[in-house]
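Heads up: the structure comes next, in C-alpha cells.
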Amino acid sequence: MTWLAEPSVAIVLTGVMVGMSAALLGSFLVLRGNSMLADAISHSILFGIALTWLLSGQTSGPLQIAGAALSGVFAVYLIELLTRTQRLRDDAAIGLVFPALFSIGVVLINVYARDVHLDEHTVLLGEIGFVWLDTLAVAGIEVPRATLTMAVMLVIDALFVIAFFKLLKLATFDRDLASALGLAPGFILYAHLTLLSGTAVAAFDAVGVVLFITFVVVPPAAAFLLTRALVPMILLAMFMAALSAPVGYALAILWDVSISGMMALVNGFFLLIAYLLRWWRGVRAGRAEALVQPPPSSSA
Amino acid sequence: MSELVSEDIKEPHEPALALHVEDLTVSYGDRPALWDIDLDIPPGVMAGIVGPNGAGKSTLLKAILGLVPISAGHVRLFGHPYRMQRRRVGYVPQRSSVDWDFPTSAVDVVTMGLYGELGWLRWPGRSERDRALRALDQVGMEALADRQISELSGGQQQRVFIARALVHKPDILLLDEPMAGVDATTERSIINLLRQLREAGQTVVVVHHDLQTVQKYFDWLVLLNVRLIAAGPRDEVHTAENLRRTYGGQIALLDDNDRPA
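Taken in sequence, the protein lines are chains A and B.
Mind the numbering: the first sequence is residues 1 to 300 in the numbering used here, read in order.
Mind the numbering: the second sequence is residues 1001 to 1261 in the numbering used here, read in order.
The structure is reproduced here in C-alpha cells:
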C-alpha cells in the first residue's frame, strides 16, 4: 500500500480537493446571490446519476460525471424557464424543480438499484471514511479513485476560472454590461454551472450532498466578510475549505463522530470567526453599520 | 461582430441620426412595455427621456442595447444596429442594478468597460489601467481609484459608473437615472460633466425622473408612456398638454401656473 492509499491521507486529501474546487466555483455563485442553486444542482444530479447508471451501467468515470452533470444543468435550465414566465419567483422555481428531480432519482435507485452502493444515506452524507477502499493503479501507484477524480476536477475548474476570470467577474458583477459589450455572459454562466454540476457529481460519492453544499457556500461567504478584492476572496475561501478537511478529520477521530459532518461544522466555525473579525474591525473603525452587512447569501 | 445577417443591415439606414428607433415594440409576457415607438435623436444633443413609473424608459435603453428581446421594429445608432456599434456606445445602468458590496475597486469597475475590446481571453494590463484612471480623472474620482466600491458614497458610485461608460470614448452615452439617490452637489457635478461631453460633440441620452429639472437640464425631450407621446426640441415638446398626456392624472401637481421656470 502506498502512502496515497493510506486511509487518513486519502480521506484528508479528498476532502481538501473537494473543498478547494467547491469554494473556487462557489465564490462566484455566492457573489451572484445564487447560493440556493448549489442546493438545486447537488440534489438534482441524483436523477442524472441514476439515469446514467441505468443506461450505461457506470457509477464512476468521465462518462458518468458528464452525464450526471447534465441533469444539474437541466435543473438550472428548468428553473430559468419557470422564472422567465414571471408567474414564479426564482426561489419558488428552485423549490419546485430540485425536489422533483431528487425524488425521481431516489425512486429510480430504489426500484432498479437495490443492490448497488447508491443509497439515500450515502447521497446525503457521503462515505469519505471509505474512499481509501476503492483504489486505482496510476503508473503503478495505488491511488484512491475519489482522490484522483477530484484532483482532475480541481485542475479543470482551476483552468476554467483562470482562462475566463475576467468574464466570470463581469458576468457575476454586471451581467447586462457583459451582454452590452457582446461577451455572451449567459454562455459563461452556464459553463460555470456545468462545471459546478460536474464537480458535485465527482464529489458525490466521497462527501455527499450536504458537505458539498457547505463547501460551495460557507467558505466563500466567510472570505467575503474579510476581503476587499475578488482574487484574495477566492484564495481565502479555498484555503479555509482546504484547512477544514484536516481539522475536521482530526476532530472527528478525536470525538468519534461523522467525518464529513465534522468538516462541515469546522467551516461553520470559520464563518463565525470571520463574522466576529468583521464585527471587531467595525467596532475599531467606529462604524456601527459594519454589522448591518450580512453575506449576500444564506447557507444551505 | 462582423457578421451581417441580412441585406438591409449592410446599407446604413438613417446614418445622420445618432439614434433612430422605428416601430419598436417590446413586451414582457403578454403585457407591452413599449408600443410602436418611432423616435429620432440627432447627434450632439442632450436628450431627456421622461415619463411616469412603468412607462418603459429603462426598457427603451435596454432595447436599444439589445438587452431585452424586441417583438417588432428596429433600432439604428449612427445608421447601424447596436451590435456593429458597441465601441461607439457607452451605457450607464441604474446604480441599483449591481451589488456594490462586490469585492472590487473603483478602477477595476471602470476597467470592465474595456473588456469588450479585450475579448474573451486577454487580461487587462497596464494600459487598460491607465485608461481607466484617466476616465476616473474625468469624473473627478482619480484619488479614490483604489477604494473598494462599497466604501464609496452613492454619488461617487454613480461617477464610477459614468467613468466606466466613458472609458472607451463613446460617441453616444445612454444613462439610466444617473441622478437617482445622489445629493444636490453630485447632481450638479454630473450634469456639468454631461454638458461638457455634449459640448465636445457627444450625444447624451438620459432617463430622468424629476420633472422639476427637465427644462433646465435638457435641450431635447422624449415623453414616454409605453407609447411615445412626443419627442423633439425641449421648447416644442414641453407643453402642459403633452405632460398631461404623458402623466395622465398624476400631473395635477404641475399645471401651468406653478410650473417651475
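Using N, Cα and C, we set each Cβ at its ideal position, and we do this for glycine too.
Under 7 Å between C-beta atoms of residue i and residue j
| i | j | result |
| --- | --- | --- |
| I1064(B) | L1224(B) | no |
| H1045(B) | D1176(B) | Here residue 1045(B) is Val; the residue named in the question, His, does not match the sequence. Going by C-beta atoms, V1045(B) is not nearer than 7 Å to D1176(B). |
| W1035(B) | R1159(B) | no |
| P246(A) | V12(A) | yes |
| I94(A) | F47(A) | no |
| D157(A) | L189(A) | no |
| H1013(B) | G1079(B) | yes |
| F239(A) | M233(A) | no |
| T1213(B) | I1229(B) | no |
| A1106(B) | R1147(B) | yes |
| F102(A) | A40(A) | no |
| H1209(B) | R1087(B) | no |
| G1090(B) | L1166(B) | yes |
| S260(A) | I65(A) | no |
| G1113(B) | R1188(B) | no |
| A163(A) | P185(A) | no |
| G1155(B) | D1183(B) | yes |
| T199(A) | M153(A) | yes |
| V131(A) | T14(A) | yes |
| I1172(B) | A1072(B) | no |
| V1021(B) | I1070(B) | no |
| F173(A) | V1207(B) | no |
| G248(A) | V266(A) | yes |
| L1061(B) | L1174(B) | yes |
| M17(A) | A139(A) | no |
Nearest neighbour of residue i, chosen from the options [CA to CA]
| i | options | result |
| --- | --- | --- |
| L211(A) | I156(A), D176(A), G268(A), L177(A) | G268(A) |
| G26(A) | Y112(A), L168(A), I253(A) | L168(A) |
| V1222(B) | V1021(B), E1151(B), G1232(B) | G1232(B) |
| Y112(A) | G57(A), A139(A), S71(A) | G57(A) |
| I1162(B) | G1201(B), S1127(B), T1111(B) | T1111(B) |
| V201(A) | D174(A), A92(A), F173(A), S60(A) | S60(A) |
| G19(A) | S258(A), F215(A), D256(A), A274(A) | F215(A) |
| A178(A) | P1093(B), P1052(B), G1029(B) | P1093(B) |
| L226(A) | G33(A), F130(A), W280(A), V16(A) | W280(A) |
| S1150(B) | S1096(B), G1201(B), N1192(B), L1118(B) | S1096(B) |
| A23(A) | A92(A), R89(A), S244(A), L181(A) | S244(A) |
| R1195(B) | G1125(B), S1127(B), V1139(B) | V1139(B) |
Environment of residue i [buried if 16+ CB atoms lie within 10 Å]
| i | result |
| --- | --- |
| L272(A) | exposed |
| K166(A) | buried |
| T1239(B) | exposed |
| W965(B) | The displayed coordinates of chain B run from 1001 to 1261. Any statement about residue 965(B) would go beyond what the structure contains. |
| I1041(B) | buried |
| D1256(B) | In this predicted model, D1256(B) has a pLDDT of only 47, less than 50, meaning its place in the structure is not dependable; the value taken from the coordinates is given anyway. D1256(B) is exposed by the Cβ-count criterion. |
| D1038(B) | exposed |
| A221(A) | buried |
| Y1082(B) | buried |
| R145(A) | buried |
| F28(A) | buried |
| W255(A) | exposed |
| G1248(B) | exposed |
| D1258(B) | In this predicted model, D1258(B) has a pLDDT of only 46, less than 50, meaning its place in the structure is not dependable enough to derive any value. |
| T1143(B) | Position check: residue 1143(B) holds Ala in this sequence, whereas Thr was assumed. Label assigned to A1143(B): exposed. |
| A206(A) | buried |
Per DSSP, the bridge partner or partners of residue i
| i | result |
| --- | --- |
| R89(A) | Its beta-bridge partners do not exist; DSSP assigns none. |
| H1020(B) | D1040(B), R1076(B) |
| Q1148(B) | S1105(B) |
| S1153(B) | In DSSP, S1153(B) forms no bridge with anything. |
| T1203(B) | I1172(B) |
| L1224(B) | L1228(B) |
| S1027(B) | P1032(B) |
| G1090(B) | L1173(B) |
DSSP three-state assignment for residue i, whether helix, strand or coil
| i | result |
| --- | --- |
| E1177(B) | coil |
| Q1212(B) | helix |
| P232(A) | helix |
| S1071(B) | coil |
| E1003(B) | Unreliable positioning characterises E1003(B) in this predicted model, as indicated by a pLDDT of 41, which lies under 50. A coordinate reading is not provided. |
| E1236(B) | helix |
| W280(A) | helix |
| G1119(B) | coil |
| P144(A) | strand |
| A1035(B) | Going by the sequence as given, residue 1035(B) is Trp instead of Ala. W1035(B) falls in the strand class under three-state DSSP. |
| L136(A) | strand |
| G1051(B) | coil |
| M1046(B) | strand |
| H1013(B) | coil |
| W53(A) | helix |
| L1065(B) | coil |
The ligand NAD heavy atom lying under 6 Å from the CB of residue i
| i | result |
| --- | --- |
| V107(A) | Among the ligands in the structure shown, none appear at all, so the ligand NAD cannot be discussed. |
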